[in-house]
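Quick note on my numbering: the sequence shown kicks off at 553 and runs consecutively.
C-beta atoms are modelled at their ideal positions from N, C-alpha and C, and glycine is treated no differently.
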Amino acid sequence: MPLSLWLSLAAVCAMGAMSPGPSLALVLRHTLGGGRAPGVVAGLSHALGVGLYALLTVWGLGALIVRQPMLFQMITWGGAAYLAWLGIQALRASRAGALEPGGAPTTRRQAAREGMLVALGNPKLILFFIALLSQFVTPDMSLVAKAVIVLTAMIIDGAWYVMVAVGLSHSRVLPWLQARSHWINRITGLLLLALALRVVAGPLA
């Protein structure tokens, strides 16, 4: 995979990881309820779930492109519509949104279990990956290239949520984020809408 194409992949993976939603709320809850370690564990276990979904999506997309190109196109457009919906929801989000903390006590075991379940129990994640990875998957793609895509999605997701957990362990960070959460939501919403338009335009060169 060319470096320029990988950089595009990394950018959209980061955008997906940073978009507000239940995953961010989960990491926030475990970090605020149990400290840095449970937050990090929740983020890493969530990344494992993301990696599994990415692996299944890459394998399925390759076969679908070859066997059912029209169905693949329809699913891709459905994924683009979902990205646009996420963008609109982010633009309409309140000031607190996913950044509203919850201080319930938590443990590392609970954080690991819930981090994985939030990823695997969210079928919308498949739609996101279909819309995202359709830009990079080709019928003749090698196993190495597919592994790069999966690892990129998993590592970026884990790195982001670990950074969130570590950052929130400093008491001054959360109030700063909460005060600016409406701007975070709006910027994310605009980026997701732009990504939806890019998906409709067709695969990246």
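Notebook entry, point to check: Does the separation of the CB atoms of PRO590 and HIS582 fall below 7 Å?
Noted result: By 1-based counting over the sequence shown, the position of residue 590 is 38. By 1-based counting over the sequence shown, the position of residue 582 is 30. The answer is yes: Cβ separation under 7 Å.
Notebook entry, point to check: With a CB to CB cut of under 8 Å and the five nearest residues on each side skipped, what residues in its chain are close to ALA697?
Noted result: As a first step, residue 697 must be located in the sequence shown, where it is residue number 145. These residues qualify, in order along the chain: MET553.
Next item on the list: Please look up how many angstroms separate the CB atoms of ALA562 and THR704, rounded, as I've assumed it's under 8 Å.
Entry: In the sequence shown, counting from the first residue as 1, residue 562 sits at position 10. In the sequence shown, counting from the first residue as 1, residue 704 sits at position 152. Confirmed, Cβ separation roughly 6 Å.
Notebook entry, point to check: Between which two residues does the alpha helix (DSSP H) containing THR690 stretch?
Noted result: In the sequence shown, counting from the first residue as 1, residue 690 sits at position 138. Note, THR690: premise wrong, no alpha helix (DSSP H); not H, not E.
Margin query: Give me the residue from LEU596, SER571, MET570 with the minimum Cα distance to LEU669.
Written below: Taking the first residue of the sequence shown as 1, we reach residue 669 at position 117. In terms of Cα proximity to LEU669, the closest of LEU596, SER571, MET570 is LEU596.
Check: If MET706 and VAL592 are in contact, beta carbons under 8 Å, what's the gap, nearest whole angstrom?
Finding: Taking the first residue of the sequence shown as position 1, residue 706 is located at position 154. Taking the first residue of the sequence shown as position 1, residue 592 is located at position 40. Not really, about 15 Å apart at Cβ, beyond 8 Å.
Note to self: Quick check on HIS734: does DSSP put it in helix, strand or coil?
What the structure shows: Start at 1 with the first residue of the sequence shown, and residue 734 comes out as number 182. Of the three classes helix, strand and coil, the one that applies to HIS734 here is helix, per DSSP.
Note to self: With the cut-off set at 7 Å, would you say ILE701 and PHE681 are in Cβ contact?
What the structure shows: Here the question's residue 701 lines up with position 149 in the sequence shown. Here the question's residue 681 lines up with position 129 in the sequence shown. Between ILE701 and PHE681, the C-beta gap is not smaller than 7 Å, which leaves the two residues out of contact.
Margin query: Going by beta-carbon coordinates alone, are LEU643 and GLY710 separated by less than 7 Å?
Written below: Indexing the sequence shown from 1 puts residue 643 at position 91. Indexing the sequence shown from 1 puts residue 710 at position 158. Going by C-beta atoms, LEU643 is not nearer than 7 Å to GLY710.
Next item on the list: Could you name the residues of the same chain whose beta carbon sits closer than 6 Å to that of VAL716, not counting the 5 residues immediately before and after it, in chain order?
Entry: Counted from its first residue, the sequence shown places residue 716 at position 164. By the criterion of a C-beta distance shorter than 6 Å, VAL716 is surrounded in its chain by VAL579, once the five residues flanking it on both sides are discounted.
Next item on the list: State the DSSP-derived secondary structure class of THR704, mapped to helix, strand or coil.
Entry: Within the sequence shown, numbered from 1, the residue matching residue 704 stands at position 152. For THR704, the secondary structure class from DSSP, reduced to helix, strand or coil, is helix.
Item checked: Anticipated Cβ contact below 8 Å, LEU684 with GLY568, distance rounded -> Along the sequence shown, read from residue 1 onward, the residue named residue 684 stands at position 132. Along the sequence shown, read from residue 1 onward, the residue named residue 568 stands at position 16. Distance from LEU684 to GLY568 at the Cβ level is roughly 6 Å; contact confirmed, criterion being Cβ atoms closer than 8 Å.
Next item on the list: Keeping to the same chain, check which residues put their C-beta closer than 6 Å to that of ALA749; ignore five residues upstream and five downstream.
Entry: Here residue 749 is taken as the residue at index 197 of the sequence shown, counted from 1. Going by the sequence as given, residue 749 is Leu instead of Ala. Cβ within range, chain order: n/a, list empty.
Notebook entry, point to check: CA-CA distance, TRP735 and LEU557?
Noted result: The sequence position of residue 735 within the sequence shown is 183, counting from 1. The sequence position of residue 557 within the sequence shown is 5, counting from 1. Between the C-alpha atoms of TRP735 and LEU557 there is a straight-line separation of about 29 Å.
Notebook entry, point to check: How is the alpha helix (DSSP H) around SER571 delimited, first residue to last?
Noted result: Taking the first residue of the sequence shown as 1, we reach residue 571 at position 19. Unbroken run through SER571: none, as it is neither H nor E.
Next item on the list: Compute the Euclidean distance between the alpha carbons of VAL752 and LEU623, then round it to the nearest angstrom.
Entry: In the sequence shown, counting from the first residue as 1, residue 752 sits at position 200. In the sequence shown, counting from the first residue as 1, residue 623 sits at position 71. Taking the straight line from one Cα to the other gives about 15 Å.
Notebook entry, point to check: In three-state terms, what does DSSP make of PRO554?
Noted result: One-based indexing of the sequence shown puts residue 554 at position 2. Three-state result, PRO554: coil.
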